[in-house]
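Numbering (the numbering used here), first residue to last: 5 to 341.
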């Protein structure tokens, strides 16, 4: 069993190194929420790093992902994770991700140290996330030809499995640990949380559209591309023709983020409301940048600057994260560039 010092290293330096903006939300939260949410994020980030490691074959990555998922579920032996760590950590080009993979045994010990109810919730959400990552490997791992998701329903499933389920998890953890979390019914908050998570992932899909296409992945639905007379492999050569479809999904992402703002504004605890609203406000800023960038998003990686993030955090702090100020800030960030 690892020491509390090793857990503190995961909670602090490692978490901060692999998550710039989400770390800001996590550190604001009350202690009872911080551990399960932080650990779930770290495990999801680790499984993502394994799935995205470019050097091993798809079959090797899929087997490693299954081993790690089994170790999280306690259905496979933890010594498999030692082998996985030793194989995959040296292959990480990003030092922070290498350190995270090195720390996987400690992360799994931390999971064992959670109380049973939180441990079960962490395992449930990781099961969905790793399923989404496995589907990605199955869909996009075969060759050099650009492959797109077949239909909008497949994109909806993907955004649910890798992010919408995180909104559910956040909600269940808050209802379990926070007295008078909200006046809304848990079922209503769960649905808003799902939409919120999907919106954040849609932003990632649109922001990474160009780099994904260069890796033979396309998350835009193939049937919608065909309606524009485009094959997935033609997008990079015809950026203006895909613009109506990008605009459609930007509008969907905005609707999903608006659900996230509704979710945050229903939370009674000010610190949790602050932490919950922050990703939506950063997301609104990203949406505005994506719209401003236009078809150049296929060539340019859009990212909200650190000074802009600090301004958003300062604005929330000045207004004590009141629901009214959150809504006003959201609308302003969407429209003003």
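Beta carbons are placed, not taken as given, at the ideal position from N, Cα and C, and that holds for glycine.
Is residue i helix, strand or coil by DSSP?
i           : result
residue 85  : helix
residue 102 : helix
residue 128 : helix
residue 152 : strand
residue 357 : The question about residue 357 has no answer here: the residues shown for the chain are numbered 5 through 341.
residue 304 : coil
residue 271 : strand
residue 241 : coil
residue 123 : helix
residue 221 : strand
residue 172 : helix
residue 323 : coil
residue 163 : helix
residue 134 : helix
residue 59  : coil
residue 254 : helix
Just how far apart, CA to CA, sit residue i and residue j?
i           : j           : result
residue 106 : residue 136 : 23 Å
residue 53  : residue 323 : 37 Å
residue 125 : residue 244 : 44 Å
residue 251 : residue 29  : 29 Å
residue 11  : residue 284 : 29 Å
residue 101 : residue 62  : 19 Å
residue 5   : residue 253 : With a pLDDT of 49 at residue 5, under the threshold of 50, the modelled position of that residue is not reliable, and the figure given next carries that caveat. Answer to the nearest angstrom: the Cα atoms are 46 Å apart.
residue 177 : residue 299 : 39 Å
residue 193 : residue 179 : 10 Å
residue 302 : residue 222 : 12 Å
residue 27  : residue 43  : 12 Å
residue 50  : residue 148 : 25 Å
residue 16  : residue 275 : 19 Å
residue 263 : residue 196 : 6 Å
How far does the alpha helix (DSSP H) with residue i in it extend, from its first residue to its last?
i           : result
residue 280 : 274–297
residue 206 : 190–211
residue 12  : 8–13
Taking residue i as the reference, give the member of the options with the closest Cα.
i           : options           : result
residue 152 : 313, 91, 218, 191 : 218
residue 90  : 109, 125, 78, 74  : 109
residue 83  : 101, 113, 63      : 113
residue 268 : 15, 333, 99       : 333
residue 166 : 34, 286, 204      : 204
residue 294 : 316, 43, 51, 213  : 213
residue 306 : 32, 220, 292      : 292
residue 122 : 34, 174, 161, 314 : 174
residue 313 : 228, 328, 24, 32  : 24
residue 220 : 242, 87, 144      : 144
residue 169 : 288, 45, 249      : 45
residue 116 : 75, 132, 92       : 75
Please confirm if the region 196–209 is in contact with the region 253–260, defined as three or more CB-CB distances below 8 Å between the two stretches.
Yes: the two stretches touch, three or more of their Cβ pairs being nearer than 8 Å.
The region 128–142 in contact with the region 68–88 per 3-pair CB rule at 8 Å:
Short answer: they touch.
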